[in-house]
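First comes the structure, then the notes that go with it.
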Amino acid sequence: MAILIKGGMLVTAEESFSADILVEGEKILQIGPNLQVAEAEVVDATGKMILPGGVDPHVHLDLPMFGTVSSDDHYTGTKAAAFGGTTTIIDFVSLDFPTLRESVDKWHVKAEKAAVDYSAHMNLTRFDEKIAAEIPSLRGMGITTLKVFTAYNGRLRLDDGNIFKALRVARDNGMLVMLHAENGDVIDILVAEALAAGHRTPEWHARTRPAWGAVESALRAFALAASADAPLYLVHMNTGGEVDMLQYARERGLKVMGETCPQYLFFTEDDLRRPDGAKWVCSPPVRMKTDNARLWEGVSGGTIQTIGTDHCPFFFDGTKPILYEGKPVAIPGKELGADDFTKIPNGLPGVGDRLPILWTTGVGSGKLTANQFVALTSTNPAKIFGLYPHKGALLPGSDADIVIWDPQKKVKYGVTLSHQRTDYNLYEGWELTGMPEKVFLRGQCIVDGGRWLGKAGKGQFLPRRPGAPVL
Ligand code: URP
Ligand code: ZN
Ligand code: ZN
Numbered sequence: 001m002a003i004l005i006k007g008g009m010l011v012t013a014e015e016s017f018s019a020d021i022l023v024e025g026e027k028i029l030q031i032g033p034n035l036q037v038a039e040a041e042v043v044d045a046t047g048k049m050i051l052p053g054g055v056d057p058h059v060h061l062d063l064p065m066f067g068t069v070s071s072d073d074h075y076t077g078t079k080a081a082a083f084g085g086t087t088t089i090i091d092f093v094s095l096d097f098p099t100l101r102e103s104v105d106k107w108h109v110k111a112e113k114a115a116v117d118y119s120a121h122m123n124l125t126r127f128d129e130k131i132a133a134e135i136p137s138l139r140g141m142g143i144t145t146l147k148v149f150t151a152y153n154g155r156l157r158l159d160d161g162n163i164f165k166a167l168r169v170a171r172d173n174g175m176l177v178m179l180h181a182e183n184g185d186v187i188d189i190l191v192a193e194a195l196a197a198g199h200r201t202p203e204w205h206a207r208t209r210p211a212w213g214a215v216e217s218a219l220r221a222f223a224l225a226a227s228a229d230a231p232l233y234l235v236h237m238n239t240g241g242e243v244d245m246l247q248y249a250r251e252r253g254l255k256v257m258g259e260t261c262p263q264y265l266f267f268t269e270d271d272l273r274r275p276d277g278a279k280w281v282c283s284p285p286v287r288m289k290t291d292n293a294r295l296w297e298g299v300s301g302g303t304i305q306t307i308g309t310d311h312c313p314f315f316f317d318g319t320k321p322i323l324y325e326g327k328p329v330a331i332p333g334k335e336l337g338a339d340d341f342t343k344i345p346n347g348l349p350g351v352g353d354r355l356p357i358l359w360t361t362g363v364g365s366g367k368l369t370a371n372q373f374v375a376l377t378s379t380n381p382a383k384i385f386g387l388y389p390h391k392g393a394l395l396p397g398s399d400a401d402i403v404i405w406d407p408q409k410k411v412k413y414g415v416t417l418s419h420q421r422t423d424y425n426l427y428e429g430w431e432l433t434g435m436p437e438k439v440f441l442r443g444q445c446i447v448d449g450g451r452w453l454g455k456a457g458k459g460q461f462l463p464r465r466p467g468a469p470v471l
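Set out below in structure tokens:
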């Protein structure tokens, strides 16, 4: 039966207006005032906001790391996403097999249990003639984005020449290169020196990964992109200096864009010095208060286009089971690095936290308008990654991925509300105002208040189009 959502305030990236939405099957059929339909299930949204489902362009589900694996798989991570109002996620394919094709095929097997819609970026962590020749075929697999790294020497890093070559192949095929910006050489030297000096605590994770490495490698990659006449997207921006570099490059007409993540807007090296500091270990690391502030300026002023999460959770104490869907689960986590910061699995939970946290701290505090919130967390990622207007939009013909948002709902947030499969939450005890009330995925209600109505495997793979716009 059709669904008629009545009396809500629609919030898009451009405007907010009162209207009803008629959903037929998986799509939005009609939007307008006082819609009357003979046969429809009516959902009363009076006093609520209606948002397009969130699009998280950066998550790592079921990712092997340091002898363990990120603790949310494609089902549990997408369920957590849905509870937080996100109905599309983009994961990463690790280049673990000889060819791109085999790596993508193996990833599909893991990803098919997703409960919301999903796609993937290709981690381009090797580059040679064979890989270069295979890249155009990714388009036929629906994958149009390539992540490259200037850090993780000997493991994931490409040298500048190969990044330049990858940028040219991407340009010629309407694809987008995404950059992890840190200086791998400097990190290796500082890590070796820190260990030799007996430093073992989590704060050394940040002290051995200097912010200047992120700044210089961001600018270096922008210069490579300009030289290749190719677009570039800077992931997980964590320093104020990266915002400066992105602004500098964009003011000069370069086709460069940026993403930050909530952790870089709120947390600092001080958190790494807490007794439970390992909870905040991620790469790139959290920085200083001045970086938080400059990144906020970047999102509110329009220099940064998206806020993703880099969701890559681990247990804080993976020796102690938690109950997940009534069953005990324990997955080795941050305790692996109890005596050595280099062995702490890198990454944080966040896919379900993103919208609730940003609504209160961004919209609630006046740093963002509700329309900017939608642009940063849904519409812009959908556009940049070739999913718009199928996703990220409240338009007739778009997928009926709809969040009924209660802007008055007050909660004490934390691990029990977030549904991420881990034993901690970075925002434990934060007082939030504004939460998703109902979440629809292609016309199906999958979250209703605290109730989970979704199912493993109901998410669809989203093949993406090349030639997406540069925002
Ligand atoms: O610590 C993090 N972010 N782990 C995920 C890998 C990455 O580089 O995004
Ligand atoms: Zn990265
Ligand atoms: Zn990442």
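Our numbering applies: residue 1 is where the sequence shown begins, and numbers increase by one. Yeah, the Cβ is synthetic: ideal placement off N, Cα and C, and Gly gets one too.
Could you tell me the alpha carbon to alpha carbon distance between residue 135 and residue 414, rounded to whole angstroms? Between residue 135 and residue 414, the C-alpha separation is close to 41 Å.
Whole-number beta carbon distance between residue 89 and residue 59, since they are thought to touch under 8 Å: Taking a contact as a CB-CB distance under 8 Å, the pair residue 59 and residue 89 counts as one, their CB atoms being some 5 Å apart.
Thinking residue 441 and residue 387 are a contact (beta carbons under 8 Å), I'd like their distance in whole angstroms, please. Not confirmed; about 14 Å, so no contact.
Given residue 112, which residues of its chain have a CB within under 7 Å of its CB, disregarding the five upstream and five downstream residues? A distance below 7 Å between beta-carbons, with the five flanking residues on each side excluded, links residue 112 to the following residues of its chain, in chain order: 457.
Anyone know if the C-beta pair for residue 433 and residue 377 falls short of 7 Å? The Cβ atoms of residue 433 and residue 377 do not sit closer than 7 Å to each other.
Limits of the beta strand (DSSP E) - the one that residue 268 falls within: Where residue 268 is concerned, there is no enclosing beta strand (DSSP E), given that its DSSP letter is neither H nor E.
Alpha-carbon spacing of residue 423 relative to residue 254, whole angstroms: Each residue's alpha carbon lies about 42 Å from the other.
Could you tell me whether the Cβ atoms of residue 23 and residue 392 are closer together than 7 Å? Against a cut-off of 7 Å, the Cβ pair of residue 392 and residue 23 comes out as no contact.
For residue 36, which of helix, strand or coil comes out of DSSP? In the structure shown, residue 36 sits in coil (DSSP, three-state: anything other than H, G, I, E or B).
Can you give me the start and stop residues for the beta strand (DSSP E) that residue 2 sits inside? 2 to 11 is the span of the beta strand (DSSP E), which, as asked, contains residue 2.
Going by the beta-carbon positions, is the gap between residue 284 and residue 182 smaller than 7 Å? Between residue 284 and residue 182, the C-beta gap is smaller than 7 Å, which places the two residues in contact.
Are residue 45 and residue 4 closer than 7 Å when you measure CB to CB? No, Cβ-Cβ distance for residue 45 and residue 4 is not below 7 Å.
Test item: CB-CB of residue 309 and residue 258 under 7 Å: No, the Cβ-Cβ distance between residue 309 and residue 258 is not below 7 Å.
Are there any heavy atoms of ligand 1 lying less than 6 Å away from the beta-carbon of residue 474, as far as the coordinates show? The question about residue 474 has no answer, for the chain in this structure spans 1 to 471.
Smallest Cα separation from residue 260: which of 178, 325, 324? Residue 178 is the option with its Cα nearest to residue 260.
Pairwise C-alpha distance: residue 191 and residue 126: Answer to the nearest angstrom: the Cα atoms are 24 Å apart.
In angstroms, rounded to a whole number, what distance separates the CA positions of residue 210 and residue 187? Taking the straight line joining both Cα atoms gives about 8 Å.
To test your reading of the DSSP string, which unbroken beta strand (DSSP E) runs of 3 or more residues are found completely within the stretch 94 to 164? Entirely contained in the stretch 94 to 164, the beta strand (DSSP E) runs reaching 3 residues are, in chain order, 117 to 123, 145 to 149.
Quickly, what does DSSP pair residue 92 with across the bridge? List them, please. Paired residues: 121.
Between residue 310 and ligand 3, is there a pair consisting of the residue's CB and a ligand heavy atom that are separated by less than 6 Å? Relative to ligand 3, residue 310 has its C-beta within less than 6 Å of a heavy atom.
Buried/exposed call for residue 335, threshold 16 Cβ in 10 Å: So residue 335 counts as buried.
Residue nearest to residue 140 in terms of C-alpha spacing, selected from 152, 162, 105: Of 152, 162, 105, the residue nearest in Cα terms is 105.
If we count Cβ pairs, one from each stretch, closer than 8 Å, do we get three or more for the stretch 286 to 305 versus the stretch 393 to 409? Of all C-beta pairs linking the stretch 286 to 305 to the stretch 393 to 409, fewer than three are shorter than 8 Å, placing the two stretches out of contact.
What residue ranges within the stretch 413 to 451 form continuous beta strand (DSSP E) runs of no fewer than 3 residues, ordered along the chain? For the stretch 413 to 451, whole beta strand (DSSP E) runs of length 3 or above, ordered along the chain, are 431 to 441, 444 to 448.
Under a Cβ-count criterion, where at least 16 other Cβ atoms within 10 Å of its own Cβ denotes burial, should residue 57 be classed as buried or exposed? It counts as buried.
In or out: residue 418 buried (at least 16 other Cβ within 10 Å) or exposed? Counting the other Cβ atoms within 10 Å of the Cβ of residue 418 gives 16 or more, which makes it buried.
State yes or no: is the C-beta of residue 224 within less than 7 Å of the C-beta of residue 131? The criterion of a C-beta distance shorter than 7 Å is not satisfied by residue 224 and residue 131.
Cβ distance (whole Å) where residue 143 is taken to contact residue 464 below 8 Å: At roughly 7 Å, the Cβ-Cβ gap stays under 8 Å, so residue 143 and residue 464 are in contact.
Find the nearest neighbour of residue 273 within the set 205, 266, 337, judged by alpha-carbon distance. Residue 205 is the option with its Cα nearest to residue 273.
State the Cα-Cα distance for the pair residue 420 and residue 344, rounded to the nearest angstrom. Rounded to the nearest angstrom, the two C-alpha atoms are 19 Å apart.
Residue nearest to residue 51 in terms of C-alpha spacing, selected from 374, 166, 36: Of the residues 374, 166, 36, the one whose Cα lies closest to the Cα of residue 51 is 374.
Starting from residue 456 and walking both ways along the beta strand (DSSP E), at which residues does that stretch end? No beta strand (DSSP E) holds residue 456; DSSP gives it neither H nor E.
Under the rule that 16 or more other beta-carbon atoms within 10 Å means buried, what is residue 451, buried or exposed? By the Cβ-count criterion, residue 451 is exposed, with fewer than 16 other Cβ atoms from all chains shown falling within 10 Å of its own Cβ.
Which residues DSSP lists as bridging residue 311, in chain order: DSSP output for residue 311 lists 59, 348 as bridge partner(s).
Any Cβ of chain C within less than 7 Å of the Cβ of residue 150? No chain C appears in this structure, which consists of one protein chain only.
Identified DSSP bridge partners for residue 324: For residue 324, which the question treats as bridged, DSSP gives the partners 327.
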